[in-house]
Structures are given as C-alpha cells and as structure tokens.
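K.L.:
Following numbering that gives the first Met the number 0, the numbering of the sequence shown begins with 0 at its first residue and continues without gaps. Quick one: structure below, then a few questions.
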Amino acid sequence: MGFNEYGLNCKCSQVFDRRQNVVKKIGFLAFLLLPPAIVAQSTPAATGGEASISAGVEMSIFNPDWDCSGPSPFCSNDLIGPTAVFEFDLHRKYGFEGEARWLNFHGQGNFSEQNYLAGPHYRFVQFHRVSGWVKVDLGGGWIQTPYYPAAGSLKGSYFVYAPGGTLNYRLTHKLTIRGDYEYQIWPSFAGPPTYNSMTGTVNPNNSGLSPNGFSLGVMYRILGP
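Right under this line is the structure:
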C-alpha cells in the first residue's frame, strides 16, 4: 500500500511539473507575441510610415557553459538547434525583437537548453545593404542537464538577460540574411553541489550560468516599407 501511494505521489508531482512548465512557456510566448500585435495596430501616421514587421528562422550553435573548458562560443560540447525570430520596428533605426531558441541537439545524455527572450534593438551602422544592430533581450531559460533525472543532474527554468548584436545583409526588399551573436546571463542559476573528498566538505555551485553563441538565418519582411 505504501509503495502504491508513493508511486501515485510521484506521478502527480511529475504531471504538476509538466503542467507548470507548459504554463510558463505559454506565458513567455504571449509576452513575445504581444508587441507585434501592438505594432500591427499602430497607424502609419503615428510612426511616419516606417513601421515594419519581419519574421525568420535561424540555426544556432551555443557554448552552454556546461562541460566546456572556456568561454569560447565553440567547444566540443556545443548545443545546436533552431531559432524562431521576429522583429517589429517603429523606425528604421530602432524597435524590438523576440526569439524562441531550442538547443536540443548534440547534447550528451539529452542535455538541452531553451530560451524565450525579447527586448529592444538599435541600428548603429548602415552601409549600403549591410546594417549592424545592438540588442538587450530579457526572458526565461530552461535547462535539462545531462542524464536527468540521475543523481547530480537537474531540470529547471531561470530568468535570463542577454546583450548581443546582429549583422544583416539585405538580399532583396523582403529578404535579409541575419547573423547574430548573443551572450546570456542566468544570474540565479545554481548547479548541483560538488563534494570534496579531501576536506569532506560540500561546495555549492551558485555562480550563475553564461551561455553564448552564434546564429545564422534569414528574415522575411511581412509588413512595412
């Protein structure tokens, strides 16, 4: 009887965790999708006729800051995955962007990270068809460390802020190639503690997490000049 109750409690807890994660992700997606709806409803007169909305896809490669020897974006344990991006600009030089990134591939033991981020961006340089932008995104990050739920592994969601920059090359009026670099900071992340057998002490791992990496893809202008 005790075993059945324990199993039932475990199943209920797992169902609750899954539902909680789904609710969090829906909330972040709603947060990402709200600004484009606002821009779409703005009138050309309010923005000087320069408002635009673009959407695109990228492939990303990131140093997850886990089992990598240094901060370089490239390491033997890089995570790889697709990214969905949108931009909604109130002016040709400034606006907002959002991204949903799923780094679910190349990770050892089902290791993965996902990000749902949005924030302002600003064009600081324009030369013919090439433009450079800086950005600061905020949102949430999800992580599942290798071989979860084995001992010493974890799964959770954390607040993330991410400065970065993009370099765009306009192929046509509608189509643009986009390259992106992003440095993420997960300030509240705390990994599993480690045990020092020499001293017999447990060392906490609460120094945060700093993934960083590159993305390359294409953007398509849906609305705007």
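By construction, the Cβ of each residue, glycine as well, lies at the ideal position given by its N, Cα and C atoms.
1) Apart from the five residues just before and just after T42, which ones in its own chain have a Cβ nearer than 6 Å to its Cβ?
2) Could you tell me the alpha carbon to alpha carbon distance between Y93 and N103, rounded to whole angstroms?
3) Between H120 and the rest of its own chain, which residues show a CB-CB distance below 6 Å, the 5 nearest in sequence each way excluded?
4) Quick check: the stretch 172-183 against the stretch 212-219, are at least 3 beta-carbon pairs closer than 8 Å?
5) Less than 8 Å separating the beta-carbons of M58 and P72?
6) So W141 is in the beta strand (DSSP E); what residue range does that whole segment cover?
7) Specify, as a first and last residue, the run of the beta strand (DSSP E) that Q125 falls within.
8) Out of curiosity, what's the CA-to-CA distance linking I184 and L166?
9) Since I believe G139 is in contact with E112 (beta carbons under 8 Å), could you give me their beta-carbon distance rounded to a whole number of angstroms?
10) Assuming F62 contacts P210 (C-beta within less than 8 Å), just tell me the rounded distance between them.
11) Judging by CA-CA distance, which residue of Y168, I79, G223 is the nearest neighbour of H105?
12) Once DSSP output is grouped into helix, strand and coil, what is the label at G223?
13) Quick check on DSSP: helix, strand or coil for G108?
14) Measure the alpha-carbon distance for L7 versus S156 and round it to whole angstroms.
15) Using the Cα positions of V124 and D88, report the straight-line distance between them to the nearest angstrom.
16) My understanding is that F85 touches A54, with C-beta atoms under 8 Å, so please give their C-beta distance in whole angstroms.
17) Where does the unbroken beta strand (DSSP E) through E49 begin, and where does it stop?
18) Kindly identify the DSSP beta-bridge partner or partners of P162.
19) Does the beta-carbon distance from L159 to L116 come in below 8 Å?
P.N.:
In short:
1) Low local confidence applies: a pLDDT of 42 at T42 is under 50, so the model's placement there is unreliable, with the coordinate-based value given in what follows. Correct list: empty, nothing qualifies.
2) Approximately 31 Å between the Cα atoms of the pair.
3) So the list reads E96, W132, K134, once near-sequence residues are dropped.
4) Below 8 Å, enough C-beta pairs join the stretch 212-219 and the stretch 172-183 to call them touching: three or more.
5) With a cutoff of 8 Å on beta-carbon distance, M58 and P72 are scored as not near each other.
6) Segment 129-143, the beta strand (DSSP E) holding W141.
7) Boundaries of the beta strand (DSSP E) around Q125: 111-126.
8) Going by C-alpha positions, I184 is about 21 Å away from L166.
9) Contact flag wrong, Cβ pair sits at about 11 Å.
10) Correcting the residue identity first, residue 62 is Asn in this sequence and not Phe. Indeed, because the Cβ distance is near 6 Å, the residues count as touching under 8 Å.
11) Of the listed residues, the one whose Cα sits closest to H105 is I79.
12) Annotated three-state conformation of G223 is coil, per DSSP.
13) Of the three classes helix, strand and coil, the one that applies to G108 here is helix, per DSSP.
14) At L7 the pLDDT is 38, less than 50, meaning the model places this residue with poor confidence and gives no usable figure here.
15) If you draw a straight line from the Cα of V124 to the Cα of D88, it comes to about 16 Å.
16) Cβ atoms of F85 and A54 come within 8 Å of each other, at about 5 Å.
17) Under the DSSP assignment, E49 falls outside any beta strand (DSSP E); it carries neither an H nor an E label.
18) In the DSSP assignment, the residues bridged to P162 are V135.
19) Correcting the residue identity first, residue 159 is Val in this sequence and not Leu. For V159 and L116, yes; Cβs fall inside 8 Å.
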